[in-house]
Ligand SMILES: Cc1cc2nc3c(=O)[nH]c(=O)nc-3n(C[C@H](O)[C@H](O)[C@H](O)COP(=O)(O)OP(=O)(O)OC[C@H]3O[C@@H](n4cnc5c(N)ncnc54)[C@H](O)[C@@H]3O)c2cc1C
Ligand SMILES: Cc1cc2nc3c(=O)[nH]c(=O)nc-3n(C[C@H](O)[C@H](O)[C@H](O)COP(=O)(O)O)c2cc1C
Ligand code: FES
């Protein structure tokens with residue numbers, strides 16, 4: 005049994021936002037995916053106020069033991085999410101964490117207020133760290149900016165707020181401490197590291213979005229160090245992620261002081277990665 | 163298990179191991195057969211699997227592969243899946259090294275396959291190069307009624323034609339097997355002779371675009387099996403989107419088979435896994 009900001013979870017294994025679509029998984033796998041759900045809590049893909057198409061393809065580039073993605077936050081927007089996706093996500097057998105990103109503090113405030121009103125939503129994650137969108141980098145890279153964002157939305161909901169930190173900051177631990185002081189209930193890290201690839205023949209940027217975010221085993225050592233540096237300076241729970249592919253990797257993040265771990269890119273290789281990692285940790289399945 | 167009205171058989175929600183029974187060379191291509199006792203026996207023609215290997219998936223050229231790779235099943239018979247592929251990079255190079263007895267890791271079947279031909283029309287199957295793979299099981303299902311038009315670079319590639327039942331019409335770029343022509347030349351002749359058809363096509367983007375335009379010209383429905391780079395194959399990453407008239411769609415969720423009418427163009431960049 006794990007507790008995250010007062011919410012009881014059957015275990016500590018979450019998914020990284022944007023790395024598992026429970027609704028699409030149900031189309032491919034049927035209700036079998038709900039009967040043995042791979043995570044102890046489910047984190048939605050980041051939603052924004054307005055609907056977004058996302059970046060032009062190609063959106064993926066494989067690196068040694070990793071991936072660069074330039075997805076660009078495609079989503080149905082707040083209204084689309086509340087009307088279409090939330091009723092389906094409410095059928096999941098685990099608590100729901102909704103990830104939100106605002107391009108301004110007003111947008112962020114609307115997103116937090118509206119999602120926080122819904123009973124189906126257990127926690128809210130503030131994505132201030134997406135490297136694909138300029139404002140994301142600015143907000144999460146700077147302790148004062150992060151604090152301003154948290155202070156603005158903290159009074160708008162009684163749901164626990166998780167701040168997702170970017171590794172593309174000079175001092176992620178300083179940003180974590182600023183978030184805690186401004187009223188965040190937890191922090192999660194790492195998001196993807198900024199990276200790029202050139203197309204083999206033309207030597208022009210391969211990704212439609214020019215740059216992208218690196219994830220997977222390639223970033224695990226960096227993530228572990230950042231998680232440890234954050235857990236040593238904050239008292240609130242930390243959700244650790246970055247390249248976790250086995251129970252052993254997850255145990256390292258827990259040993260570094262994380263309360264929960266999240267599985268990201270490994271889900272792409274095995275839709276049951278969360279179940280396997282929980283079992284290797286000696287934790288029960290979610291259901 | 164098949165979902166009603168959709169050419170989609172559901173996949174078990176986990177990566178599993180199929181046991182390689184044979185790996186054969188077929189001219190320029192490779193054919194891997196594997197016993198998939200943990201998966202459904204009835205994948206729909208045109209669906210696909212995400213493949214990797216139990217051992218040594220990684221450490222090839224550029225220290226890749228890392229992600230699994232998408233492949234249409236060429237056939238599925240009594241639990242044995244076969245995959246026909248061309249070596250183009252580190253993932254396919256590793257698959258070509260598989261030996262009988264090794265483990266082929268897979269997730270699938272995934273995506274939506276071919277839909278039946280429009281009532282009262284003759285199915286015309288058009289394959290270009292390795293794009294012939296998903297037409298094999300589709301011909302098996304449609305039976306001798308279907309017309310087969312296949313295009314290849316050379317005689318070595320055209321050996322794949324021997325996998326089909328009957329005698330498909332073959333064109334090669336260099337005339338080393340069949341006629342020296344483009345497969346779309348064969349399609350034009352076929353539609354001139356009998357325009358009451360439904361076309362099913364898979365091949366390189368230039369070929370698919372030519373097929374799409376030709377079918378529009380003859381007002382014939384076209385189903386096109388497209389490719390795009392995929393990381394997951396089950397809708398998780400949003401990496402495989404292709405532009406359509408309705409905006410971007412995830413090819414692994416809504417495809418890989420799409421109606422030609424949904425596309426502005428079949429010329430998509432960034433194909434691969
Ligand atoms: C639904 C579907 C079904 C398919 N069915 C078949 C089939 O039946 N048979 C078959 O042979 N093939 C099939 N393919 C294509 C197959 O998935 C690719 O050939 C395979 O992924 C190539 O992997 P690789 O590692 O050998 O080559 P890669 O090195 O990955 O190169 C393949 C292409 O990917 C791009 N690329 C190169 N490097 C990278 C990189 N680092 N990151 C991202 N992209 C890169 C380039 O465009 C390159 O030409 C299918 C694809 C899809 C989407
Ligand atoms: C394809 C892809 C899409 C992602 N989308 C989001 C997102 O929408 N919001 C977010 O906060 N993080 C997103 N992430 C970051 C992951 O949640 C995670 O922080 C990161 O990938 C590191 O973990 P991993 O190495 O285990 O993947 C995405 C990552 C990938 C690979
Ligand atoms: S391949 Fe991941 S969403 Fe299609």
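Chains as they are written, first to last, in the numbering used here: chain U, 5 to 291; chain V, 163 to 435.
Heads up, the beta-carbon is just placed ideally off N, CA and C, and yes, glycines get one too.
- Under the DSSP definition of a beta bridge, residue 214 (chain V) partners with V:267.
- Listed in chain order, the beta strand (DSSP E) elements of length 3 or more contained wholly in the stretch 69 to 146 of chain U are 70 to 73, 100 to 104 and 125 to 131.
- Shortest gap from the CB of residue 131 (chain U) to any heavy atom of ligand 2: under 7 Å.
- Beta-bridge partners assigned by DSSP to residue 216 (chain U): U:199.
- Not one heavy atom of ligand 2 sits closer than 7 Å to the Cβ of residue 358 (chain V).
- For residue 234 (chain V), the shortest separation between its Cβ and any heavy atom of ligand 1 lies below 7 Å.
- Of all residues in the stretch 54 to 83 of chain U, only 57, 58, 61, 62, 63, 64, 66, 68, 69, 70, 71, 73, 75 and 78 come within less than 7 Å of chain V when Cβ atoms are compared, listed by chain position.
- Between residue 182 (chain U) and residue 145 (chain U), the alpha-carbon positions lie close to 11 Å from each other.
- Counting C-beta pairs closer than 8 Å gives three or more between the stretch 338 to 355 of chain V and the stretch 302 to 318 of chain V, which meets the contact rule.
- Between the alpha carbons of residue 319 (chain V) and residue 30 (chain U) lies a gap of roughly 38 Å.
- Ranked by Cα distance from residue 32 (chain U), the options V:206, V:184, V:389 and V:380 are led by V:206.
- Ligand 2 has no heavy atom closer than 7 Å to the beta-carbon of residue 392 (chain V).
- Think of a sphere of 8 Å around the beta carbon of residue 249 (chain V): no beta carbon from chain U falls inside it, the nearest being about 16 Å out.
- Look at the stretch 326 to 391 of chain V and you find these whole runs of beta strand (DSSP E), each 3 residues long or longer: 331 to 334, 359 to 364 and 384 to 387.
- In the three-state reduction of the DSSP assignment, residue 167 (chain U) falls in the strand class, which pools E and B.
- Around the CB of residue 49 (chain U), 16 or more other CB atoms lie within 10 Å, so the residue is classed as buried.
- Using a Cβ distance threshold of 8 Å, residue 266 (chain U) and residue 79 (chain U) do not count as a contacting pair.
- Taking residue 232 (chain U) as the centre and dropping the five residues before and after it, the same chain places the C-beta of 260 and 261 closer than 7 Å to its C-beta, in chain order.
- For residue 394 (chain V) and residue 355 (chain V), the gap between their C-alpha atoms comes out near 42 Å.
- In the three-state DSSP reduction, residue 210 (chain U) falls in the coil class, being neither helix nor strand.
- Segment contact: the stretch 73 to 93 of chain U against the stretch 200 to 218 of chain U, three or more CB-CB distances shorter than 8 Å; contact assigned.
- Counting only Cβ-Cβ distances below 9 Å, residue 252 (chain U) has no contacts in chain V at all, with the closest Cβ about 17 Å away.
- Checking the DSSP bridge columns, you'll see residue 181 (chain V) partnered with V:197 and V:265.
- When DSSP states are grouped into helix, strand and coil, residue 421 (chain V) belongs to the strand group.
- For the stretch 245 to 299 of chain V, the continuous beta strand (DSSP E) assignments of 3+ residues that do not extend past its boundaries occur at 265 to 272 and 284 to 290, in sequence order.
- Judged by the Cβ position, residue 85 (chain U) fails to qualify as a neighbour of ligand 3 at the 7 Å threshold, every heavy atom of the ligand being at least this far.
- Residue 191 (chain V) is positioned such that its CB atom lies no closer than 8 Å to that of residue 268 (chain V).
- Here residue 19 (chain U) is bridged, per DSSP, to U:267.
- Contact note: residue 390 (chain V) reaches chain U through 61, using a C-beta cutoff of 7 Å and chain order.
- With a threshold of 7 Å, the Cβ atom of residue 270 (chain U) counts as near ligand 2, since some heavy atom of the ligand is closer than that.
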